[in-house]
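*Asks:* In the numbering used here, the protein residues as written are 146 to 477.
Heads up, the beta-carbon is just placed ideally off N, CA and C, and yes, glycines get one too.
I'd like to ask some things about the structure below.
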Amino acid sequence: MILRKRTDGKYAAMDSFSRTYAVSDTEDGAMSSLSDNDRLFHSYDDYVDYIWSINFFQEIYYNITYRCNLSCPYCYAPNSHAYISVENNKIIAKKFLELQVGSVVITGGEPLCHPYLSDIINELITNGIENISILTNGTIVNDELCDLMRKYSIEVQISLDGYSEETNAPTSGIGNFTKVMKTVTKLESIGVKYSLVNTLTSENIAFSRQFVDFCEGKGIDYAFFVVKKVGDKLRPDKESLIGLYDYLTRIGYNVVDIFNCVKMSEQMMFDKVGFPITHCGAGITSLTISPAGDAYPCLKMLDNPSSIICNLLAEDAIQKINEQRKIQSDIN
């Protein structure tokens, strides 16, 4: 359990693992609001024991290419034309099977720029990966890929940084809002599940409430992501983020919904009036794979070679990943 006094004088208590969150005027009041039934672990030792017993990965972020047809200013993917080969993907897919991977998020770069994306997906399916999603900018979706998405019930997460051409263009470029909305219409017509993800910056957060209204009005699932590896000039300030949280609360979201809808920024500290940062599972229940097959604990570490755990093409990859998981439990 985490307990902190906030800047408004109230006490906030939260179970680090279940994200159950309580606020009270007193320490005892906040702590008593979290019943034993809300706690996943009662001590850090219990947590470490659990980490050591895990024999699966909940989620893999699979960067199949660094190619992209856009140049978003906040993107932290390396700038290159690298992509995973069909042959290496066969090896990696078998490693996913050994690691008992629950779901694979295909990303990049722009994954739809991969020349053999259909082959990549078919190989994952062949190796028992049934839960697949794709992170895309939504501007180059074609009929063949739409049919594949429908066939395998692939969920599509589309980046869209505004509710109109004017508000989306500063990060994604002129004309791409229209392309995304055409993709949305196509996916809806064939029954493919999709959502829109807005990456919040210091500029477009001013229109975030309108983005909420736009999605709510059309019945579109949506989420927000706060830019990470950027300078302060591009990063939204705390007051703007808290304002968005407050707006989401007023229209009916609860705390857990907001955690799922608005990804945390390292700016938002637990002792402030905002919401806490919680354990993300990096290196423990989730991994990121590069087009070269290198395994990283986290998507945001792709530009740091020292963070590489192993290469999945190597024979001892599984052993190294299991060893790193135990190390990562101490870090987190």
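(1) With distances taken from CA atoms, which of Leu148, Ile299, Asp190 is nearest Ile174?
(2) Would you list the one or two residues that DSSP bridges to Asn276?
(3) Based on the DSSP output, what are the partners of Ala368 in its beta bridges?
(4) Please state if the CB of Ala314 and the CB of Ser340 are separated by a distance shorter than 8 Å.
(5) Could you give the first and the last residue of the continuous beta strand (DSSP E) run that contains Ser169?
(6) By the three-class DSSP mapping on this structure, what secondary structure does Asn234 have?
(7) Would you mind giving the Cβ-Cβ distance between Thr284 and Lys331, rounded to the nearest angstrom? I have them listed as a contact below 8 Å.
(8) Can you list, in chain order, the residues of its chain whose CB lies under 8 Å from that of Ile396, leaving out five sequence neighbours each side?
(9) In the DSSP assignment, the beta strand (DSSP E) including Glu460 goes from what residue to what residue?
(10) Just the C-alpha distance for Leu379 and Asn349, rounded to the nearest angstrom, thanks.
(11) Kindly indicate which three-state DSSP category Ile303 falls into: helix, strand or coil?
(12) For Lys240, which residues from the same chain have a beta carbon less than 8 Å from its beta carbon, with the 5 sequence-adjacent residues on both sides left out?
(13) Thinking just about the alpha-carbon of each residue, which of Cys406, Ile387, Leu269, Val168 is nearest to the one in Glu243?
(14) Between which two residues does the alpha helix (DSSP H) containing Ala314 stretch?
(15) The beta strand (DSSP E) with Met159 in it runs from where to where?
(16) Pop quiz: Leu393 and Val371 are said to be a contact at Cβ under 8 Å. What is the actual Cβ separation, rounded to whole angstroms?
(17) Find out if the Cβ-Cβ distance for the pair Ile319, Ile299 is shorter than 8 Å.
(18) Work out the CA separation of Gln469 and Ala437 for me, nearest whole Å.
(19) Val231 to Tyr261, Cα distance in whole Å?
(20) Mapping DSSP to helix, strand and coil, what is Glu289?
(21) Within 10 Å of its beta-carbon, does Asp366 have 16 or more other beta-carbons around it, so buried, or fewer, so exposed?
(22) Going by C-alpha to C-alpha distance, which of Ala158, Ser177, Ser216, Ile274 sits closest to Phe201?
(23) Quick check on DSSP: helix, strand or coil for Leu386?
(24) Round the Cβ separation of Gln203 and Thr430 to the nearest angstrom and send it over; I've been treating them as touching at under 8 Å.
(25) Measuring only the C-alpha atoms, how far is Asn399 from Cys213?
(26) How would you write the range of the alpha helix (DSSP H) that Ser216 sits in, first residue to last?
(27) Here's the rule: buried if 16 or more other CB atoms are within 10 angstroms of the residue's CB, otherwise exposed. What is Thr271?
(28) How many angstroms separate the CA atom of Ala227 from the CA atom of Gly254?
(29) Gly247 and Arg295 - do their beta-carbons sit closer together than 8 Å?
(30) Is the separation between the beta-carbon of Ile265 and that of Ile209 shorter than 8 Å?
(31) For Ile229, which of Cys217, Tyr211, Gly388 has the nearest alpha-carbon?
(32) Compute the Euclidean distance between the alpha carbons of Leu382 and Val375, then round it to the nearest angstrom.
(33) What's the gap between the Cα of Glu310 and the Cα of Asp292?
*Replies:* For this structure:
(1) Taking the sequence shown and counting its residues from 1, the one referred to as residue 174 is at position 29. For clarity, residue 174 is Gly in the given sequence; the question names Ile instead. With respect to the C-alpha of Gly174, the residue from Leu148, Ile299, Asp190 having the closest C-alpha is Leu148.
(2) As a working mapping, residue 276 is identified with position 131 in the sequence shown. Looking at the DSSP assignment, Asn276 forms a beta bridge with Ser248.
(3) Along the sequence shown, read from residue 1 onward, the residue named residue 368 stands at position 223. Note: Ala368 sits in a beta bridge opposite Val342.
(4) If you number the sequence shown from 1, residue 340 lands on position 195. If you number the sequence shown from 1, residue 314 lands on position 169. No. Outside cutoff.
(5) As a first step, residue 169 must be located in the sequence shown, where it is residue number 24. Counting along the chain, the beta strand (DSSP E) containing Ser169 begins and ends at 166-169.
(6) Within the sequence shown, numbered from 1, the residue matching residue 234 stands at position 89. Helix, per DSSP.
(7) As a first step, residue 284 is located in the sequence shown; it is residue number 139 there, counting from the start. As a first step, residue 331 is located in the sequence shown; it is residue number 186 there, counting from the start. So it is not a contact: roughly 12 Å between Cβ atoms.
(8) By 1-based counting over the sequence shown, the position of residue 396 is 251. Once the five neighbours on either side are set aside, the close Cβ partners of Ile396 are Val357, Glu361.
(9) Within the sequence shown, the letter at position 315 stands for residue 460. Boundaries for Glu460: no beta strand (DSSP E) harbours it, and the DSSP string shows neither H nor E there.
(10) Position 234 of the sequence shown, counted from the start, is the residue given in the question as residue 379. Position 204 of the sequence shown, counted from the start, is the residue given in the question as residue 349. Taken atom to atom, the span from the alpha-carbon of Leu379 to that of Asn349 is near 10 Å.
(11) Residue mapping note: residue 303 aligns to position 158 of the sequence shown, counting from 1. Three-state DSSP puts Ile303 in a strand.
(12) As a position in the sequence shown, residue 240 is number 95, starting the count at 1. When the five nearest sequence neighbours on each side are left out, the beta carbons in the same chain lying within less than 8 Å of the beta carbon of Lys240 are those of Leu457, Ala462, Ile463, in order along the chain.
(13) The residue you call residue 243 lines up with position 98 of the sequence shown. Per the Cα distances, Leu269.
(14) The residue you call residue 314 lines up with position 169 of the sequence shown. First-last of the alpha helix (DSSP H) with Ala314: 310-317.
(15) Along the sequence shown, one-based indexing puts residue 159 at 14. Looking at the DSSP string, the run of the beta strand (DSSP E) that includes Met159 is 156-159.
(16) Locating residue 393 in the sequence shown gives position 248, counting from the first residue. Locating residue 371 in the sequence shown gives position 226, counting from the first residue. In this structure Leu393 is not in contact with Val371, their Cβ atoms being roughly 14 Å apart against a cut-off of 8 Å.
(17) The residue labelled residue 319 in the question sits at position 174 within the sequence shown. The residue labelled residue 299 in the question sits at position 154 within the sequence shown. Cβ atoms of Ile319 and Ile299: not closer than 8 Å.
(18) Position 292 of the sequence shown, counting from 1, holds the residue named residue 437. Position 324 of the sequence shown, counting from 1, holds the residue named residue 469. Spanning the alpha carbons of Ala437 and Gln469 requires a straight line of approximately 19 Å.
(19) The count along the sequence shown starts at 1 and reaches residue 231 at position 86. The count along the sequence shown starts at 1 and reaches residue 261 at position 116. Between the alpha carbons of Val231 and Tyr261 lies a distance of about 7 Å.
(20) Reading the sequence shown from its first residue, position 144 is the one you call residue 289. It is helical.
(21) Numbered from its first residue, the sequence shown carries residue 366 at position 221. Exposed is the call here.
(22) In the sequence shown, the residue the question calls residue 201 occupies position 56. Residue Ile274 is the option with its Cα nearest to Phe201.
(23) The residue given as residue 386 occupies position 241 in the sequence shown. In the three-state reduction of the DSSP assignment, Leu386 falls in the helix class, which pools H, G and I.
(24) Numbered from its first residue, the sequence shown carries residue 203 at position 58. Numbered from its first residue, the sequence shown carries residue 430 at position 285. Taking C-beta atoms under 8 Å as the contact rule, Gln203 and Thr430 qualify, at a distance of about 4 Å.
(25) Along the sequence shown, read from residue 1 onward, the residue named residue 399 stands at position 254. Along the sequence shown, read from residue 1 onward, the residue named residue 213 stands at position 68. Spanning the two alpha carbons is a distance of roughly 36 Å.
(26) In the sequence shown, counting from the first residue as 1, residue 216 sits at position 71. From DSSP, Ser216 is part of no alpha helix (DSSP H); its letter is neither H nor E.
(27) Against the sequence shown, residue 271 aligns to sequence position 126. Burial is judged here by how many other beta carbons sit within 10 angstroms of a residue's own beta carbon; Thr271 has fewer than 16 and is exposed.
(28) Position 82 of the sequence shown, counting from 1, holds the residue named residue 227. Position 109 of the sequence shown, counting from 1, holds the residue named residue 254. Computed Cα separation, rounded: 9 Å.
(29) Mapped onto the sequence shown, residue 295 falls at position 150. Mapped onto the sequence shown, residue 247 falls at position 102. No Cβ-Cβ contact shorter than 8 Å links Arg295 with Gly247.
(30) Reading the sequence shown from its first residue, position 120 is the one you call residue 265. Reading the sequence shown from its first residue, position 64 is the one you call residue 209. Their beta carbons are under 8 Å apart, which means Ile265 touches Ile209 by this criterion.
(31) Position 84 of the sequence shown, counting from 1, holds the residue named residue 229. The residue from Cys217, Tyr211, Gly388 with its alpha-carbon nearest to that of Ile229 is Tyr211.
(32) Taking the first residue of the sequence shown as 1, we reach residue 382 at position 237. Taking the first residue of the sequence shown as 1, we reach residue 375 at position 230. First, the residue type needs correcting, since residue 382 is Asp and not Leu in the sequence shown. In this structure, the CA atom of Asp382 is about 13 Å from the CA atom of Val375.
(33) Sequence index remark: in the sequence shown, residue 310 carries index 165 (1-based). Sequence index remark: in the sequence shown, residue 292 carries index 147 (1-based). When rounded, the separation of the alpha-carbon atoms in Glu310 and Asp292 is 27 Å.
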